[in-house]
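A.B. asks: Below is one structure. I have some questions about it.
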C-alpha cells in the first residue's frame with residue numbers, strides 16, 4: 317500500500333510523477349509554492365496530523381489494534397469461565413501478574429491485560445509501526461516526495477518519531493480501555509485492595525490504572541526509537557519490521573538467561589513489569605525510575621543514531 | 302535535485318566537497334557521545350554519592366553498644382534489601398518441592414503461610430518494606446515481581462496476605478508488644494544486630510570501624526570479630542545510626558572470604574509515623590482465608606532463622622561449647638542418619654547423601670553438609686550437630702559430645 321494511494325491529502329494520483337507535492341497540508345500551500353522559504357512552525361503540526369491520520373488509517377494498524385483489543389476479552393472470559401462455580405481462580409501464583417485478583421475487582425483486568433500484552437504484543441505492534449516509518453516510505457518510493465515538501469529531514473524524522481510515540485500511547489489505551497469495559501461487564505467493581513494489602517477507593521484505583529497505562533506507553537518509547545533507527549538503515553519496510561521484532565524477541569530471551577545478569581539491567585525490556593509497583597502502597601519508585609531512565613536513554617541513543625543516519629543518507633527511492 | 306530542497310539543503314549541498322564523508326561520520330559522534338555521557342553518569346554518580354564518610358565525634362565500642370541497647374525507635378518505615386548467599390547448592394525444583402512440602406505439613410497448605418514465605422529469604426536478594434508504629438502495629442512486606450507478601454500485625458490480629466495467589470492467613474494473638482515482635486522473622490538489620498550482640502562476650506573483639514552513610518543517614522560502623530579459631534564467621538559489621546542508635550545495615554562475611562553471607566541494610570528509612578492505613582487490613586473479596594490456631598505461628602518460627610544459627614543453639618537441643626564455636630546438637634530419633642517420614646524420604650536421603658562428605662570418628666559415622674557459614678553433621682544414629690564452625694571443629698565437638 318503506497319503512501320500516495322492512502323494519503324487523503326494527496327492532490328494527484330500515484331501515476332503523476334511530475335507533480336512532486338503529494339502531501340501538502342492545509343495552510344501550507346504558500347510554503348510549498350516557494351520551496352526555498354523557511355516553513356512556518358504550523359507546518360510541523362500539519363505534517364504530524366497528516367502522518368497520524370495516514371498511520372491510523374492503515375489496515376495493518378487497525379488489525380494490530382484489533383488484536384490488542386481482543387486480548388483482554390479472552391483473558392476476561394477465560395477467568396470468568398474458570399471461576400463460574402463461585403470458586404476463586406487459584407493458579408498457585410502462575411500466569412500474568414494480578415490474574416488472581418480479577419474476580420474481586422474488574423479493574424484488575426486492566427493490569428492483567430497490560431502485564432499480558434507488554435512483553436510481546438504491544439512492543440511487536442510498536443516495532444511494526446516504527447520499522448515501517450522510514451523504510452516503508454522508501455520502499456514504496458514515497459520518501460523522496462515527503463522530502464520535496466519543505467519539511468526537512470530532521471523535522472520529518474521527529475514527526476515520524478512523534479507518530480510512533482503517539483501510537484505507543486494509543487495501543488496501550490486500546491488494551492486498557494478494552495480491559496476496563498470487559499472487566500466492568502464481567503466482574504464487580506468497587507474499592508480495591510492493593511498488592512500491599514491496603515484498600516484504596518475505586519476512583520484512586522482508576523487514577524492508578526491511568527498512570528499505569530501511561531507508564532506502559534512510556535516503556536515502549538525505547539523500542540520505538542530502536543525501530544526507527546533500524547528503519548533508517550534499509551529501504552525495505554518488511555526487513556525493518558522483522559529486524560525490530562527479532563531484536564525484541566532476542567533481548568527478551570537474553571533477559572531470561574541468568575548468566576547475563578550483569579548486562580540485564582541495560583536491556584530495554586528488563587524493568588518493563590515494574591509498572592506493577594504502582595499498585596503497591598506506598599508506591600515503590602526505584603524500578604519505575606530505572607525503567608523510565610532506561611527508556612529515555614534508548615530514545616536518546618537510537619534517536620540520535622537515526623538522525624545521524626537519516627540526515628546523511630542518500631535517498632534513492 | 303528536488304528531493305534535497307529542504308531546510309537541510311545547505312548541509313546536503315556540501316556533499317560534493319571532499320569533506321563530506323567526514324561530516325557524515327561526525328554526525329554519528331552524537332549517539333556515541335550520548336552513550337558516553339550515560340556510561341559516565343552510571344559509573345560516577347554512585348562513586349560520588351558513596352565518597353565522603355560522614356564526620357562524627359569519636360565513640361568507643363562500649364558507648365556504641367549502649368547506644369544500640371538504648372535505642373527505642375517506635376515509629377519507622379523503610380525499605381530493606383537482604384542478600385543471602387549461604388553457598389547452598391542450587392536444588393532448583395527439588396528445593397521448591399521440599400519447601401512446599403514443609404509448608405503443607407505445618408500450616409495447612411496456604412501460600413500466605415509465613416513459614417513458607419520465610420524459606421524464600423534463605424537465598425538470593427530480596428527487597429522488603431518494613432513499617433512500625435509502636436509495639437502493636439508492624440508490617441513487613443516482601444516485594445516480589447508483580448506481587449507482594451505482607452505480614453501485618455495490627456493489635457490482636459496478625460494477617461498474612463499473599464497477593465500473587467490472593468490468599469490470606471489470619472491468627473489472633475493476645476500477646477502484644479515485644480513478645481509478639483520476637484516471634485516475627487528477623488528481617489530488619491536491628492533483628493540481625495540483636496542476635497549478633499547476644500554473642501558478644503570474652504570470645505569476641507568489638508571495635509568501632511569508622512563511619513559510613515547508610516540510606517542517607519550518618520552511621521557508625523561496629524565491627525565484631527570472633528577471637529576463637531574454628532568458626533566459619535569472618536566478621537560482622539553493623540552500621541548504627543548516629544542519631545537514633547538504630548542498626549541500619551548488617552553484614553556477615555565468612556572467614557573463607559568472598560561475598561557476604563548475609564547483607565541486610567536499609568536503602569531508605571524514615572522515622573516519621575507511618576500512615577494508619579498501612580496497618581489496616583481487611584481480606585479482599587474472594588480471597589481464600591486460612592485461620593491459624595493460636596500459637597501455631599509461634600511454633601512455626603522454630604524453624605530456620607537466617608543469621609541465628611551462629612549466635613545461639615537450636616532451642617530444642619543442647620549446646621556444646623561456647624561463644625562462636627558452640628555447636629547445637631539434637632536427636633532426631635531417626636536411625637539411618639537422614640530424616641525419614643515421607644514416601645519421598647528414600648530418594649531424598651540418597652540425594653542428600655551425595656551432597657555431603659562422609660566422616661567418621663568416636664561418635665560413629667555420619668555425613669557433613671557444608672555451606673559457606675553453617676556446617677551440619679548428621680550421624681548415622683540420628684544425631685545432628687550444627688554450628689557456624691569448620692568441619693574439623695564439628696567432628697571434634699561430636700567426639701566430645703559423645
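Chains as they are written, first to last, in our numbering: chain A, 317 to 633; chain B, 302 to 703.
We treat Cβ as the ideally placed atom computed from N, Cα and C, and that holds for glycine.
The structure presented is a predicted model; accordingly, all values stated were derived computationally and were not measured.
Using a Cβ distance threshold of 8 Å, determine whether the segment 365-382 of chain B contacts the segment 568-579 of chain B, with at least three qualifying pairs required.
C.D. replies: In short, these stretches touch, since the Cβ pair count reaches three.
A.B. asks: Compute the Euclidean distance between the alpha carbons of residue 374 of chain A and residue 532 of chain A, then round it to the nearest angstrom.
C.D. replies: Counting from 1 along the first chain, the entry for residue 374 of chain A is found at position 58. Counting from 1 along the first chain, the entry for residue 532 of chain A is found at position 216. Using only the alpha carbons, I get a separation of about 24 Å.
A.B. asks: For residue 700 of chain B, name the three-state secondary structure that DSSP assigns.
C.D. replies: In the second chain, the residue the question calls residue 700 of chain B occupies position 399. Residue state, collapsed to three classes: helix.
A.B. asks: Around the Cβ of residue 458 of chain B, are there at least 16 other Cβ atoms within 10 angstroms (buried) or fewer (exposed)?
C.D. replies: Against the second chain, residue 458 of chain B aligns to sequence position 157. Exposed: under 16 other Cβ atoms inside 10 Å.
A.B. asks: Are the C-beta of residue 686 of chain B and some C-beta of chain A separated by less than 9 Å?
C.D. replies: Start at 1 with the first residue of the second chain, and residue 686 of chain B comes out as number 385. Chain A, which has no Cβ nearer than 9 Å to the Cβ of residue 686 of chain B, makes this no.
A.B. asks: Would residue 580 of chain B pass as a contact of residue 455 of chain B if the rule is Cβ separation under 9 Å?
C.D. replies: In the second chain, the residue the question calls residue 580 of chain B occupies position 279. In the second chain, the residue the question calls residue 455 of chain B occupies position 154. Closer than 9 Å, so yes.
A.B. asks: Near residue 560 of chain A, which residues of its chain fall below 6 Å by C-beta distance, leaving aside the five closest residues on each side in sequence?
C.D. replies: For this step, residue 560 of chain A is matched to residue 244 along the first chain. For residue 560 of chain A, where only same-chain residues beyond five positions count, the Cβ hits under 6 Å are 443, 447, 543, 546.
A.B. asks: Alpha carbons only, please: which of A:610, A:489, A:500 is nearest the one belonging to residue 584 of chain A?
C.D. replies: For the purposes of this step, residue 584 of chain A is taken as the residue at position 268 of the first chain. Measuring from the Cα of residue 584 of chain A, the nearest candidate turns out to be A:610.
A.B. asks: Just to make sure I have the definition right: I need the residues of chain B whose C-beta is within less than 7 Å of the C-beta of residue 634 of chain A. Which are they?
C.D. replies: Because residue 634 of chain A is not part of the residues shown, which for chain A are 317 to 633, the question remains open.
A.B. asks: Using 8 Å as the Cβ pair cut-off and three pairs as the minimum, do the segment 514-529 of chain A and the segment 455-465 of chain A touch?
C.D. replies: No, because fewer than three Cβ pairs between the segment 514-529 of chain A and the segment 455-465 of chain A fall closer than 8 Å, the two stretches do not touch.
A.B. asks: Can you pull the chain A residues whose beta carbon is under 7 Å from the beta carbon of residue 347 of chain B, in chain order?
C.D. replies: Looking up residue 347 of chain B in the second chain gives position 46. Residues of chain A passing the Cβ test: none, with the nearest at roughly 13 Å.
A.B. asks: Count the other CB atoms, across all protein chains shown, that sit within 10 Å of the CB of residue 700 of chain B; report buried if there are 16 or more and exposed otherwise.
C.D. replies: Here residue 700 of chain B refers to the residue found at position 399 of the second chain. Burial call: exposed.
A.B. asks: Taking Cβ-Cβ distances shorter than 7 Å, what residues in chain B pair up with residue 446 of chain A?
C.D. replies: In the first chain, residue 446 of chain A corresponds to position 130, counting from 1. The premise fails here: residue 446 of chain A is roughly 17 Å from chain B at the closest Cβ pair, so nothing lies under 7 Å.
A.B. asks: Closer than 7 Å between beta carbons: that is the criterion. Which residues of the segment 497-512 of chain A meet it against chain B?
C.D. replies: Those would be 509, 511, 512, in chain order.
A.B. asks: Would residue 417 of chain A count as contacting chain B if we go by Cβ distances under 9 Å?
C.D. replies: Looking up residue 417 of chain A in the first chain gives position 101. Interface residue, yes.
A.B. asks: In chain order, what residues of the same chain have a beta carbon less than 8 Å from the beta carbon of residue 549 of chain B, not counting five sequence neighbours either side?
C.D. replies: Taking the first residue of the second chain as position 1, residue 549 of chain B is located at position 248. Correct list, in chain order: 490, 515, 516, 518, 520, 540, 541, 542, 566, 567, 570.
A.B. asks: Under a three-way DSSP split, which group does residue 518 of chain B fall into?
C.D. replies: Here the question's residue 518 of chain B lines up with position 217 in the second chain. If DSSP states are grouped into helix, strand and coil, residue 518 of chain B belongs with the strands.
A.B. asks: From the DSSP output, in three-state form, read off residue 641 of chain B for me.
C.D. replies: Translated into the one-based positions of the second chain, residue 641 of chain B becomes position 340. Low confidence applies to residue 641 of chain B: its pLDDT is 43, below 50, so where it sits in the model is not reliable enough to give any reading.
A.B. asks: In this structure, does DSSP put residue 526 of chain B in helix, strand or coil?
C.D. replies: Within the second chain, residue 526 of chain B is the residue found at index 225, counting from 1. DSSP places residue 526 of chain B in strand when its eight states are reduced to three.
A.B. asks: Would you verify that the beta carbon of residue 582 of chain B is, or is not, closer than 9 Å to some beta carbon of chain A?
C.D. replies: What you label residue 582 of chain B is simply residue 281 of the second chain in a count that begins at 1. Cβ-Cβ to chain A under 9 Å: yes for residue 582 of chain B.
A.B. asks: Using the rule of at least 16 other Cβ atoms within 10 Å of the residue's Cβ for burial, across every protein chain shown, is residue 592 of chain B buried or exposed?
C.D. replies: If you number the second chain from 1, residue 592 of chain B lands on position 291. Its Cβ having fewer than 16 others within 10 Å, residue 592 of chain B is exposed.
A.B. asks: Considering only the beta carbon of each residue, do residue 684 of chain B and residue 671 of chain B sit closer than 9 Å?
C.D. replies: By 1-based counting over the second chain, the position of residue 684 of chain B is 383. By 1-based counting over the second chain, the position of residue 671 of chain B is 370. No. Outside cutoff.
A.B. asks: State the Cα-Cα distance for the pair residue 617 of chain A and residue 332 of chain B, rounded to the nearest angstrom.
C.D. replies: Working through the first chain from its first residue, we reach residue 617 of chain A at position 301. Working through the second chain from its first residue, we reach residue 332 of chain B at position 31. Between residue 617 of chain A and residue 332 of chain B, the C-alpha separation is close to 5 Å.
A.B. asks: Quick one: what's got a C-beta closer than 7 Å to residue 627 of chain A's C-beta in the same chain, skipping five residues either side?
C.D. replies: Your numbering for residue 627 of chain A matches position 311 in the first chain. Closer than 7 Å at the Cβ level, and outside the excluded window around residue 627 of chain A, lie 469, 470.
A.B. asks: What residues in the segment 357-373 of chain B bring their beta carbon closer than 7 Å to a beta carbon of chain A?
C.D. replies: Of all residues in the segment 357-373 of chain B, none has a Cβ within less than 7 Å of some Cβ in chain A.
A.B. asks: Could you check whether the Cβ of residue 341 of chain B sits closer than 9 Å to any Cβ belonging to chain C?
C.D. replies: Protein chains in the displayed structure are A and B, and chain C is not among them.
A.B. asks: Hey, residue 413 of chain A and residue 592 of chain A: beta-carbon distance below 9 Å or not?
C.D. replies: Here residue 413 of chain A refers to the residue found at position 97 of the first chain. Here residue 592 of chain A refers to the residue found at position 276 of the first chain. Cβ distance < 9 Å, so residue 413 of chain A and residue 592 of chain A count as in contact.
A.B. asks: Less than 8 Å between the CB atoms is what I'm expecting for residue 384 of chain A and residue 438 of chain A, so what's the real figure, rounded?
C.D. replies: Locating residue 384 of chain A in the first chain gives position 68, where the first residue counts as 1. Locating residue 438 of chain A in the first chain gives position 122, where the first residue counts as 1. That belief holds up - the Cβ atoms of residue 384 of chain A and residue 438 of chain A are roughly 7 Å apart, short of 8 Å.
A.B. asks: Compute the distance between the beta-carbons of residue 434 of chain B and residue 575 of chain B, then report whether it is under 9 Å.
C.D. replies: For the purposes of this step, residue 434 of chain B is taken as the residue at position 133 of the second chain. For the purposes of this step, residue 575 of chain B is taken as the residue at position 274 of the second chain. A contact, by the Cβ cut-off of 9 Å.
A.B. asks: Closer than 9 Å by beta-carbon distance: list the chain B residues that pair up with residue 596 of chain A, in chain order.
C.D. replies: As a first step, residue 596 of chain A is located in the first chain; it is residue number 280 there, counting from the start. Ordered by position in chain B, the residues that pass the 9 Å Cβ test against residue 596 of chain A are 430, 442, 444, 449.
A.B. asks: How far does the alpha helix (DSSP H) with residue 521 of chain A in it reach, from first residue to last?
C.D. replies: Start at 1 with the first residue of the first chain, and residue 521 of chain A comes out as number 205. Counting along the chain, the alpha helix (DSSP H) containing residue 521 of chain A begins and ends at 518-535.
A.B. asks: With DSSP run on the structure shown, which of helix, strand or coil describes residue 690 of chain B?
C.D. replies: Sequence index remark: in the second chain, residue 690 of chain B carries index 389 (1-based). Residue 690 of chain B: strand per DSSP, three-state reduction.
A.B. asks: According to the Cβ coordinates, are residue 673 of chain B and residue 533 of chain B closer than 9 Å?
C.D. replies: Here the question's residue 673 of chain B lines up with position 372 in the second chain. Here the question's residue 533 of chain B lines up with position 232 in the second chain. Yes; because the gap between Cβ atoms is below 9 Å, this pair is in contact.
A.B. asks: Residues of chain B with CB under 9 Å from residue 420 of chain A, in chain order?
C.D. replies: The sequence position of residue 420 of chain A within the first chain is 104, counting from 1. The contacting residues are 467, 585, 586, 587, 588.
A.B. asks: Would residue 602 of chain A count as contacting chain B if we go by Cβ distances under 9 Å?
C.D. replies: Counting from 1 along the first chain, the entry for residue 602 of chain A is found at position 286. By this cut-off, residue 602 of chain A is an interface position.
A.B. asks: Skipping 5 residues on each side, what residues in its chain have a beta carbon closer than 6 Å to that of residue 597 of chain A?
C.D. replies: As a first step, residue 597 of chain A is located in the first chain; it is residue number 281 there, counting from the start. Same-chain partners within the cutoff: 510, 512, 514.
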